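Below you'll find the structure, written out as structure tokens, and then a few comments.
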Amino acid sequence: MNPSILVVDDEPDTCANLRDILTEYGYRVDTAQEGERALELARAHCYDLALLDVKMPGMDGVELLRRLRATNTHTVGVMLTAYANPETTSSAKAAGAWNIHAKPVDINVLLADLHLALESAV
Amino acid sequence: MDFTQLLVRFRQLQDYVDWTADDAQRVRALRPILEHRLDGIIDDFYATIERHAATRKVIEGGAEQVDRLKVRLREWIEQLLEGEYDESYVAKRWRVGWRHVEIGLAQHYTMVSLARVRSGLARLVCEHWTGQASELHASLNALHRALDLDLVLIEDAYQFEYLQRQKRSDRLVAIGQMAAGIAHELRNPLNVIRTSVFYLQNVRNPSEEKRTEHMQRIQRQITVADTVIAALSDFARLPLPDFRPVDVPTLLDETIDNTPLPDLIRVDRTAAREPHHVLGDRRQLFVVFGNLLRNAAEAMPGGGKVHLTSVRHGDVVEVTVQDTGPGIMPDHLSQIFEPFFSTKVRGMGLGLAITKAIVENHGGNLSATSTVGRGACFVVRLQAVEVPADVSPDPSMNQLSGPTSPTPP
């Protein structure tokens with residue numbers, strides 16, 4: 074079974090594009106635009122990986138990751154952010170993130186990293 | 098530069114030093130003693146400037162300039178001795194102070210130069226006094242207080258320049274603080290564009306539908322990025338505020354008349370109609386109230402009522418803009434003033450951040466409260482200011498200065 078990824082970003086176009094690309098590369102993808110909806114999806118299905126935007130109105134990505142991993146401990150978390158700074162990186166890592174990627178994302182680097190993240194989780 | 102307000106302050110200061118018509122009369126009476134004996138003082142003034150390295154450098158035009166300046170100094174002393182301390186006097190003295198600011202003479206040198214003039218004049222009065230000895234003291238006292246009041250005007254000019262510099266610096270700081278938000282807001286559209294390009298470049302034979310979808314997505318995000326840049330430019334281009342007394346009820350009427358709103362929106366004005374004033378930049382306050390009015394209208398796409406009130410409570414004028422829309426969620430209330438808070442929420446984005454920045458630049462504050470389902474309420478609080486009935490603004494003195502011009506009219 075191909076790995077499943079939950080993509081969460083408040084910008085619908087970002088979700089759509091990540092879905093298009095990741096699907097092409099063989100992943101099964103679900104998307105959400107905010108935290109509560111993401112948690113709802115995660116309750117129904119244990120995702121292999123969560124690809125989360127850091128800055129969102131309401132619940133931010135780091136808080137969401139914390140809550141996702143509280144119930145789905147095997148879900149690997151990868152963060153995306155337009156605000157790359159040391160504080161964001163350390164709080165993401167503290168919440169259990171595998172890595173954090175700066176926007177605009179280098180897709181090749183991201184794809185390689187997702188692959189690595191999923192291998193390591195097995 | 099508002100000379101009306103300056104005159105108000107000048108009168109308060111005259112009052113503080115117990116200046117009377119008698120004092121003005123005494124100063125006028127000194128004129129015959131002094132007016133033909135000023136050469137020594139004037140020559141000394143410029144000789145001293147020449148002697149000191151720090152002051153010498155402001156004289157760039159050589160002897161010719163010094164001759165012209167000597168004429169000015171003579172006029173300055175003669176005007177002091179005319180004994181008419183009205184708005185024209187205040188404006189002229191202030192402008193002389195401003196001239197010193199412009200040529201870059203440090204404030205302390207302006208002060209000590211004035212001290213030399215003072216000593217020279219006082220010495221002349223004593224040497225050539227022909228009246229009663231008991232009157233000499235009172236006349237000197239009047240002269241000194243007149244010069245002290247002149248000093249206040251000169252210092253005010255220096256203060257004005259300092260404040261302008263401060264405002265420019267604050268503006269740059271605000272733009273710098275927005276840089277982080279801007280980076281975020283531009284990187285998101287760029288991310289969408291990059292991922293769409295990646296898709297189109299790497300996917301084998303994407304369907305026509307998919308290609309169109311991605312092209313449109315790219316276009317849309319370019320527009321988003323451009324909007325962010327335009328909003329930032331607007332903010333950076335806002336002229337430095339030029340503060341004068343503004344009658345709030347009149348301004349609100351003008352704002353309503355000049356802010357196009359959809360037909361279904363009704364504006365209900367129950368402001369106190371008696372004039373009440375704040376010290377502010379009329380154009381910028383117009384932007385503030387226009388933004389709040391538009392936001393309220395945008396919160397009610399199906400139509401509704403905007404309730405606008407303005408009232409003075411002691412030292413504070415409070416303007417309230419209330420709508421009957423869906424309200425703002427508690428989570429969002431703390432974020433709505435952040436630059437670029439959710440560009441997807443209509444009516445927010447940069448508008449409220451700019452509005453808040455303008456209000457705070459006026460020394461006021463802007464706050465929002467809301468009950469979900471019952472609309473939102475924005476309150477602008479600004480410092481009230483008195484405009485005394487007997488002081489009438491002279492139109493020639495109160496022309497608006499140009500944006501960021503260092504020279505007031």
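Same order as they appear, the protein sequences are chains A and B.
Quick note on my numbering: the first sequence kicks off at 74 and runs consecutively.
Quick note on my numbering: the second sequence kicks off at 98 and runs consecutively.
Positions of the beta carbon are idealized from the N, C-alpha and C atoms, including for glycine.
Nothing here was measured: the structure is a model prediction, and the numbers come from that model.
For the stretch 299-316 of chain B, the set of positions with a beta-carbon nearer than 7 Å to some beta-carbon of chain A reads V300 and R314 in chain order. If you draw a straight line from the Cα of M98(B) to the Cα of E457(B), it comes to about 21 Å.
DSSP lists V408(B) and R478(B) as the beta-bridge partner residues of E415(B). Membership of H174(A) in the beta strand (DSSP E) is indicated by the continuous run A170 to A175. Between V289(B) and chain A, the shortest Cβ-Cβ separation is below 7 Å.
When secondary structure is reduced to three states using DSSP, M152(A) falls in the strand class. N158(A) has its alpha-carbon roughly 28 Å from the corresponding atom of P427(B).
Within the stretch 322-353 of chain B, the complete beta strand (DSSP E) runs of at least 3 residues fall at 341-344.
The residues R366, A368, F386, L405, S407 and V416, in chain order, have a CB closer than 8 Å to that of L349(B) in the same chain once the five nearest residues on each side in sequence are set aside.
Ranked by Cα distance from N145(A), the first of D121(A), A155(A) and A190(A) is D121(A).
Within the same chain, F107, L110, Q111, V114, W116 and Y182 come within 8 Å of L246(B) by CB-CB distance, once the 5 residues on both sides are set aside.
Interface annotation for the stretch 87-103 of chain A against chain B: T87, N90, L91, D93, I94 and E97, criterion Cβ-Cβ distance under 7 Å. Secondary structure note for I78(A): its beta strand (DSSP E) is the uninterrupted segment S77 to V81. Taking the Cβ atoms as the reference, D126(A) lies roughly 4 Å from D82(A), within the contact range of under 8 Å. Counting along the chain, D126(A) sits inside the beta strand (DSSP E) bounded by residues L122 to D126. Annotation: the stretch 160-227 of chain B contains no complete segment of the beta strand (DSSP E) (minimum length 3 residues). A Cβ-Cβ distance of about 6 Å is found for the pair A115(A) and L79(A), placing them in contact under the 8 Å criterion. Judged by DSSP secondary structure, I180(A) falls within the alpha helix (DSSP H) whose first and last residues are I180 to A194. When CB distances to chain B are screened at a threshold of 8 Å, the residues of the stretch 109-140 of chain A falling below it are K128, P130 and G131, in chain order. Between E97(A) and the set G131(A), D133(A) and S77(A), the nearest pair of CA atoms involves S77(A). Taking 7 Å as the cut-off between beta carbons, the residues of the stretch 161-188 of chain A near chain B are K176, P177, V178 and I180, in sequence order. Under the DSSP assignment, D365(B) falls in the beta strand (DSSP E) whose first and last residues are I362 to R366.
With fewer than 16 other Cβ atoms from the protein chains shown falling within 10 Å of its own Cβ, V209(B) counts as exposed. 7 Å or more divides the Cβ of V321(B) from the Cβ of V364(B). Of the candidates Q381(B), T421(B), H410(B) and V375(B), T421(B) places its Cα closest to the Cα of A393(B). Put simply, the CB of E107(A) is far from chain B, with every gap to its CB atoms at 7 Å or more. Taking a 10 Å sphere around the C-beta of H459(B), we find 16 or more other C-beta atoms and assign the residue as buried. The continuous alpha helix (DSSP H) containing G387(B) extends over residues R379 to E395.
Below the 9 Å Cβ cutoff, chain B contributes A280, H281, E282, L283, R284, N285, L287 and N288 as neighbours of A155(A), in chain order.
Counting other Cβ atoms within 10 Å of its Cβ, N302(B) stays below 16 and is therefore classed as exposed. In terms of beta-carbon proximity, F295(B) lines the interface with chain A, with at least one pair separated by less than 7 Å. When beta bridges are read from the DSSP output, R101(A) appears opposite S77(A).
Non-local C-beta neighbours of R215(B) in its own chain, meaning closer than 6 Å and more than five positions away in sequence, comprise L244, ordered along the chain.
Beta-bridge annotation (DSSP): K264(B) is not paired with any residue.
A straight-line Cα-Cα distance of about 22 Å links L191(A) and G108(A). The residue from G377(B), T356(B), Q432(B) and V413(B) with its alpha-carbon nearest to that of E395(B) is T356(B).
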